[in-house]
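S.K.:
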Amino acid sequence: MERPTFSQSWSRVSKLTPTLRPHVQITRQLFRGEPWYVVHDPVSNNFFRLNPVAHHLVGLFDGRRSVDEVWRLTLDRFGDMAPTQHEVIGLLGQLNESNLLRVDLPSDAEPLLRRARKRKVKHWGGQMMSILFFRVPVFNPDRMLRWLLPLFRPLLSIVGLLMWLAWIGYVTVQFLPSIGSFINDAQSVLAPTNWGWMIVLFLGTKFLHELGHGLVCRRFGGSVPEVGIMLLVMFPVPYVDATSSWNFTSKWHRFFVGAAGMIFELAIAGIGIMIWLHAEPGSLAKQLSYNTVFMASVATILFNANPLLKFDGYYMLSDVLEIPNLYDRASRYLQWLIQRYIYGMTNAQPVSTRHGEQSLLILYGICSQIYKVIILFGIILFVGSQFHAVGILLAAWSTIAWALVPLGKFIHWLATHPSLHEHRVRAITTTVLFCFLLLGTLGAIPMPEHHRAVGVVEAAKRTDLAIRTDGFVTKVLAEAGDHVQQGQIILITDSPELRVKYVELTAKLKGLRSAQRQALAQDQVILKSTRAKIEAVTEELTKVQERLDDLTLRSPMQGTLVGGIMTQFLGQHLPRGKVIGQVVDLDTLRVTALMDQAQNAKLFDQANTIARVELRTAGQLERTLRSKLIQAFPSGRSHLPHPALGYAGGGSIAISTDDPHGQTATRPQFELWLKLPDWRGGTNTYATAFPGQRVYVRLTSEQYTPLLAQWIHKLRQLFRERLSI
23 MERPTFSQSW
33 SRVSKLTPTL
43 RPHVQITRQL
53 FRGEPWYVVH
63 DPVSNNFFRL
73 NPVAHHLVGL
83 FDGRRSVDEV
93 WRLTLDRFGD
103 MAPTQHEVIG
113 LLGQLNESNL
123 LRVDLPSDAE
133 PLLRRARKRK
143 VKHWGGQMMS
153 ILFFRVPVFN
163 PDRMLRWLLP
173 LFRPLLSIVG
183 LLMWLAWIGY
193 VTVQFLPSIG
203 SFINDAQSVL
213 APTNWGWMIV
223 LFLGTKFLHE
233 LGHGLVCRRF
243 GGSVPEVGIM
253 LLVMFPVPYV
263 DATSSWNFTS
273 KWHRFFVGAA
283 GMIFELAIAG
293 IGIMIWLHAE
303 PGSLAKQLSY
313 NTVFMASVAT
323 ILFNANPLLK
333 FDGYYMLSDV
343 LEIPNLYDRA
353 SRYLQWLIQR
363 YIYGMTNAQP
373 VSTRHGEQSL
383 LILYGICSQI
393 YKVIILFGII
403 LFVGSQFHAV
413 GILLAAWSTI
423 AWALVPLGKF
433 IHWLATHPSL
443 HEHRVRAITT
453 TVLFCFLLLG
463 TLGAIPMPEH
473 HRAVGVVEAA
483 KRTDLAIRTD
493 GFVTKVLAEA
503 GDHVQQGQII
513 LITDSPELRV
523 KYVELTAKLK
533 GLRSAQRQAL
543 AQDQVILKST
553 RAKIEAVTEE
563 LTKVQERLDD
573 LTLRSPMQGT
583 LVGGIMTQFL
593 GQHLPRGKVI
603 GQVVDLDTLR
613 VTALMDQAQN
623 AKLFDQANTI
633 ARVELRTAGQ
643 LERTLRSKLI
653 QAFPSGRSHL
663 PHPALGYAGG
673 GSIAISTDDP
683 HGQTATRPQF
693 ELWLKLPDWR
703 GGTNTYATAF
713 PGQRVYVRLT
723 SEQYTPLLAQ
733 WIHKLRQLFR
743 ERLSI
């Protein structure tokens, strides 16, 4: 690739005689089999990476040789691989900005290289632009870590790692049989009464998490100069500065520094699981252990292990792939692709020339940018739903920091950057054409409008199988899937207490009747009293007999038995009112879907213009089934037709924490009845239809609307619901 060798600004720096500052440290590392050199300033804890050619050039800076002399020596040795004059100026500027060079700057070179005085302003400006992740340093933890390290050193070894793996494996085996109960209890985490404990345990587990980073970093010879508080979405979270690990020559040492926090947290989660398994139901110990497990395993895996966010998983992935500054390099590589192939800037230099690495940079760059927008949008909605005013301010600030400021910088770059001198017209023209084409495509071309809902298969004719009397299950005579007749026995329960009471009442009634016969020839007052007692005991005995009859659970209608495995109830005590299944008429199956208010409003505006209804079941997402709308109800309902539609059952509808059954939605939902395709045969065979199966519904309107108008409408509805604006 052609690069201009000479620079018009060379005369301003060619006679400088720079040298590295004496405290600067340089470490040789291997990345993807190639040597690189990490320059570390222990005073500011800044790092800088050099390739072998740049390292050779910087190594020649001894305070006596001029920049021009050093460049010519490098050019003689490396030929075409040597940096150009423009690249040397850029390298000098970056080293000087990082405070790694010592050089006496003449007045004409000072504007070109000296940017150190802007460093503090730039740092705080970056902090303000990243208000969601604001950091405040607190103290130097070096003395504390030096005191703790001997205590933890036996565990920070291969033996300790094997012990950790064995512990996690043992806990996993113990936990797997109870994972269903753990998932069902997830709604307790969101209960307002649990928030205080969650905050305390969150801070505690995160302190241990950061302690793990600091100890392992010290274990491998690094320094930890800073511990502080990071305002993560305005919530205080502890952090430690373990960036000295970037200077480690072993990538696996760097990897384990990044993984140490999660290793510590998962060990704590294992202890929490064992306490949760053996604690008394409903006790404080069980709830606290559940909170600990949730915070130290589920939360840390979802966030810390996620490589698309700049947390532990990102640095671990960067070390494994041996691509330092993965996020920045991926972003700059995407920028280079645009500059090279759209703007025609043939002199632009890529950050990577290796084919495998380029593919990784493209993939990661695209995924991380999309995920960043999703996370920002989700955070704004969450904060806004909890704190209305803060959410609006956060949305405004984020729009400025992540949209308007980058847009302004891009426009300024297009208008003034020297590298675009020969390509500025093409760059501006293609950018304007792309914007017009994008806006024209999204804002002018009509597209079909879709409405989405989540539903569940249910029968129009159905009845619950509910236990009518407390008892222990002794016999199961029908299983899920069996066709049953009305009155057919499903299962039999027994109640020893009830049978003892029946025997006692029978004996008592027998004694009263004997007393009645004796009273016929004696006192009429005693006879009247005895008759009243006989009536009361007879009435009580009748009720007991009815309860004994109810110990036999019979089908209330003809149909198919659905629900869980009935034999699981053998030997269990089932309380009165517990629903163990349903009897349904499979000839009346339909899909009952729920839709939120925003979509429902537009649906009823277009109730007569639904062109197509499509269904996908949770078990067969790859298959689309055609259906039709039977009826839509204009009034909202809070009670869900099935727990599978709520969060606790794996659905997408938020449920109230006050409902232990998980069937009360936090917002009203609007009900739709949809025709279920023929599940027994025909062209739309639906072989796996069963009541309770989750179904995803898409309704397509006959009215065509540009995508931009559809998106704006959905965003307005979303912000109106969550932020009340």
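Residues in the sequence shown are numbered from 23 upward in steps of one, following our numbering.
Virtual Cβ for every residue (Gly too), placed ideally from N, Cα, C.
The model shown is predicted, which means the values in this text are computed figures rather than measured ones.
Using three-state DSSP, classify residue 649 as helix, strand or coil.
M.R.: Of the three classes helix, strand and coil, the one that applies to residue 649 here is strand, per DSSP.
S.K.: Can you tell me whether residue 518 sits near the ligand NAD, meaning its C-beta is under 6 Å from at least one heavy atom of the ligand?
M.R.: Looking for the ligand NAD in the displayed structure turns up nothing, as the structure carries no ligands at all.
S.K.: Quick check on the burial criterion: 16 or more other C-beta atoms within 10 angstroms. Buried or exposed for residue 178?
M.R.: buried
S.K.: Smallest Cα separation from residue 502: which of 419, 513 and 205?
M.R.: Considering only alpha carbons, the answer is 513.
S.K.: Smallest Cα separation from residue 18: which of 419, 349, 378 and 424?
M.R.: In the structure as shown, the chain starts at 23 and stops at 747, and residue 18 therefore has no counterpart that could be examined.
S.K.: Put residue 515 into one of helix, strand or coil per three-state DSSP.
M.R.: strand
S.K.: For residue 316 and residue 476, I'd like the C-alpha separation in whole angstroms.
M.R.: 27 Å
S.K.: Identify the residues that DSSP records as bridge partners of residue 497: which are they?
M.R.: 514
S.K.: If you follow the alpha helix (DSSP H) that residue 469 is in, where does it begin and where does it stop?
M.R.: No alpha helix (DSSP H) contains residue 469, which is instead part of the beta strand (DSSP E) from 468 to 481.
S.K.: Whole angstroms are fine: how far does the CA of residue 737 sit from the CA of residue 81?
M.R.: 56 Å
S.K.: Go ahead and label residue 27 buried or exposed: buried means 16 or more other beta carbons lie within 10 angstroms of its beta carbon, across all protein chains shown.
M.R.: exposed
S.K.: If you compare alpha carbons, which of 588, 614, 575 and 617 is closest to residue 599?
M.R.: 575
S.K.: If distances are taken between C-alpha atoms only, which option among 198, 616 and 231 comes closest to residue 478?
M.R.: 616
S.K.: Can you tell me the Cα-Cα spacing of residue 302 and residue 549, whole angstroms?
M.R.: 55 Å
S.K.: On the premise that residue 577 lies in contact with residue 653, defined as a C-beta separation below 8 Å, what is that separation, rounded to the nearest angstrom?
M.R.: Wrong, their Cβ atoms sit about 29 Å apart, outside the cutoff.
S.K.: Do you know offhand how far residue 313's Cα is from residue 450's?
M.R.: Cα to Cα, the separation comes out at about 54 Å.
S.K.: Which ranges would you report for the beta strand (DSSP E) in the stretch 49 to 76 if only whole runs of at least 3 residues count?
M.R.: 56 to 63 and 68 to 72
S.K.: Ignoring anything shorter than 3 residues, give me the beta strand (DSSP E) runs that lie fully in the stretch 78 to 111, in order along the chain.
M.R.: DSSP runs (the beta strand (DSSP E)) wholly in the stretch 78 to 111: none.
S.K.: Could you give the distance in angstroms between the alpha-carbon of residue 528 and the alpha-carbon of residue 538?
M.R.: 15 Å
S.K.: Would you list the one or two residues that DSSP bridges to residue 695?
M.R.: 614 and 653
S.K.: Taking the alpha helix (DSSP H) that residue 487 falls in, what are its first and last residues?
M.R.: Segment 484 to 488 is the beta strand (DSSP E) holding residue 487; no alpha helix (DSSP H) there.
S.K.: Return the residue from the list 273, 505 and 58 that minimises the CA-CA distance to residue 584.
M.R.: For residue 584, the nearest C-alpha among the options comes from 505.
S.K.: Exposed or buried, what is residue 489 when buried is set at 16 or more other beta-carbons lying within 10 Å of its beta-carbon?
M.R.: buried
S.K.: Strictly by DSSP, which residues pair up with residue 723?
M.R.: In the DSSP assignment, residue 723 forms a beta bridge with 632.
S.K.: Taking the Cβ atom as the reference point for each residue, do residue 41 and residue 83 lie within a distance shorter than 7 Å?
M.R.: Yes, these two residues count as a Cβ contact at 7 Å.
S.K.: Quick one: give me the first and last residue of the alpha helix (DSSP H) that residue 432 is part of.
M.R.: That run of the alpha helix (DSSP H) goes 427 to 438.
S.K.: If we ignore side chains and look at the alpha-carbon of each, how far apart do residue 552 and residue 564 end up?
M.R.: If you draw a straight line from the Cα of residue 552 to the Cα of residue 564, it is about 18 Å long.
S.K.: Select from 44, 722 and 715 the residue whose C-alpha is nearest the C-alpha of residue 634.
M.R.: 722
S.K.: Taking all protein chains shown into account, do 16 or more other C-beta atoms lie within 10 angstroms of the C-beta of residue 341, making it buried, or fewer, making it exposed?
M.R.: buried
S.K.: For residue 378 and residue 352, what's the separation of their Cα atoms in angstroms?
M.R.: 13 Å
S.K.: Per DSSP, which residues does residue 567 bridge with? Please list them.
M.R.: Looking at the DSSP assignment, residue 567 forms no beta bridge with any residue, so it has no partner.
S.K.: Pick from 657, 637, 452 and 698: whose alpha carbon is nearest that of residue 720?
M.R.: 637
S.K.: Give me, in chain order, the residues of the same chain whose beta-carbon lies closer than 6 Å to that of residue 484; leave out the 5 immediate sequence neighbours on both sides.
M.R.: The residues are 604 and 606.
S.K.: Run through DSSP, which three-state label would residue 31 get?
M.R.: coil
S.K.: Could you check what DSSP says for residue 338 in three-state terms: helix, strand or coil?
M.R.: DSSP places residue 338 within a helical segment (H, G or I) once states are collapsed to three.
S.K.: Would residue 612 and residue 482 qualify as a contact pair, given that the criterion is a beta-carbon distance under 7 Å?
M.R.: yes
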